[in-house]
Structures are given as C-alpha cells and as structure tokens.
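The numbers in the sequence shown follow this note's numbering, run straight up by one, and end at 798.
C-beta: ideal position from N, C-alpha, C; glycine also.
Structure, as structure tokens:
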Amino acid sequence: MLEMEDPSVNYPLTSGKPLTMFTNAKIIWSSHTKTKTKQDLVTSMASSGYYDSVSHYKALVARRKALNDELNNAPASYRGMLLRFAPGEYYYMCTRNNNFSNRDQKGRLGVRP
C-alpha cells in the first residue's frame, strides 16, 4: 500500500514528494516487532511485509532475494498494523494487483479531527 498524490493517477508518490499519510500516522500496534519508526512503517507497507523495518531490509539485502517489482515474492497475506492517522485526506493504492492498462486498486481515506 502506497500513498498517491491524486486519485486520477495510477502511480505512487515519487521520492521527491513529501509523504504525509504514513509519516504523520502513529503506530498503535504492529504484527512485526521491528516496525517502530515512521520509515519502518513506510518500508513495511510498501513491501507488503517483505521487509518489516529499514534495519531488516539492510540486514537481508545481501542474503535474501530482492523484492520483485510486482511483489510476486512478497507474502500472500499481510498481518498488518493498527495506525492512528492525522486529520486530512489521503489517497492510496495497492501495487500488488495493479496493471496500468486494465485494473487498479485505489482508495481515499478521510480523517476528521
């Protein structure tokens, strides 16, 4: 699950754009004990749980097969986490089952104060 800038596009925010959905969220509970920081949260969500933290990614990058760009080697199920989002409107997409020509999985999350 990745943050999008606008629902009319079919790609996530690029690295040059500021992320707000996950970086402003508070982790209440995580199925991964290593997911503690905001960057860990973004890493876990973007990799569908293949990496549960930045340190996990750094430790495994040389020993484990790299994450497939279509997430084919990511876990089939993601146990996830419980988050408290800051007020705002967020757009997100799932890249797991995304085909730019004929299907997409996108959503909008509105959080009131």
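query                                                                                                                              : result
Between which two residues does the alpha helix (DSSP H) harbouring residue 730 extend?                                            : 723 to 731
Taking the continuous beta strand (DSSP E) assigned at residue 827, which residues delimit it?                                     : Beyond the ends of the chain as shown, which are 686 and 798, falls residue 827; an answer cannot be given.
With respect to the beta strand (DSSP E) encompassing residue 755, which residues constitute its N-terminal and C-terminal limits? : Looking at the DSSP string, residue 755 is not in any beta strand (DSSP E), and its letter there is neither H nor E.
Which class does residue 749 belong to by DSSP, given the choice of helix, strand or coil?                                         : coil
Which of the three DSSP states is assigned to residue 781 in this structure?                                                       : coil
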